[in-house]
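Encoded as structure tokens, the structure appears first; notes follow it.
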Amino acid sequence: MSERIVMRTGEALVEGAEDYLCAEPEVVIGELDGPVGTALATLMGDQVKGHTKVFAILNSDVQVRPATLMVSKVTVKDAKYTNILMGTVQAAIAHGVLDAVRAGDIPREKADDLGIIYSVWLDPSVLDVQTVDHKALFDVHREATLKVIRKALRREPSIDWLLENQDKVEHYFHKLGLDGEL
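Numbering (this note's numbering), first residue to last: 2 to 183.
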């Protein structure tokens, strides 16, 4: 029997060739009969205009396991943005979740017992792109999904790594601020 996963958290970044091809998910993963399940059900029932929560699906009528609830970090106001988020990105996240099961990061026997709350960021600049590269966008979000789940379930980065590297890691936007570029 697998270890009980009460609650794990993770964050990841995957960048593509263009600015809009960037994924920076944050996740909470845990057993559905614990705090993550309560949070997932609460979020699903607490829909807010501009921040609609939806399950990750391969296509309509095909929800993935573990149940994965997408929560947008960006206020969704535009039909094109909605269609990209609830199309290419949603499908990529669904595939990434299944990739994590296939790779063994998510124990297969726990696929029906775990829930994932997936905070998704789709760069709003995607609206300014004349021709969106949906394959590249899919690939970036799929890779980011596997990466964030893997990091969460492996508890990465470890506290030892963080303490050792604290003064070596520089926050990108903080650096821009220090350099007077913000």
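Where is the CB? At the ideal position from N, CA and C, for every residue including glycine.
Keep in mind the model is a prediction, meaning the values are calculated, not measured.
Taking 4 residues as the shortest admissible run, the stretch 74 to 157 contains the following complete alpha helix (DSSP H) segments, listed from N- to C-terminal end: 80 to 85, 91 to 103, 135 to 154.
Excluding residues up to 5 positions away in sequence, L128 lie with their Cβ nearer than 7 Å to the Cβ of K81 in the same chain.
For V28, the enclosing beta strand (DSSP E) begins and ends at 27 to 32.
From the listed residues A92, P158, D161, S159, the smallest Cα separation to S61 is found for A92.
The secondary-structure analysis by DSSP pairs A24 across a beta bridge with V15. Here the alpha carbon of T89 sits roughly 23 Å from the alpha carbon of I30.
A straight line joining the alpha-carbon of G38 with that of L44 spans about 10 Å. Counting along the chain, L164 sits inside the alpha helix (DSSP H) bounded by residues 160 to 166. With respect to the 8 Å criterion, R9 and E32 are not classified as neighbours on the basis of their beta carbons.
For L183, there is no enclosing beta strand (DSSP E), as DSSP marks it with neither H nor E.
Around the beta carbon of V7, a 10 Å sphere encloses fewer than 16 other beta carbons of the protein chains shown; the residue is thus reported as exposed. The beta-carbon distance between Y21 and L70, rounded to whole angstroms, is 24 Å. This is too long to meet the 8 Å contact definition. Around the Cβ of H96, a 10 Å sphere holds 16 or more other Cβ atoms; the residue is buried. The Cβ atoms of V49 and L123 lie no closer than 8 Å to each other. Judged by beta-carbon spacing, L41 lies within the 8 Å limit of A68, meaning their Cβ atoms are closer than that value. By the criterion of a C-beta distance shorter than 6 Å, I150 is surrounded in its chain by A101, D106, once the five residues flanking it on both sides are discounted.
Here M45 carries a helix assignment [DSSP, helix/strand/coil]. For K54, there is no enclosing alpha helix (DSSP H), as DSSP marks it with neither H nor E.
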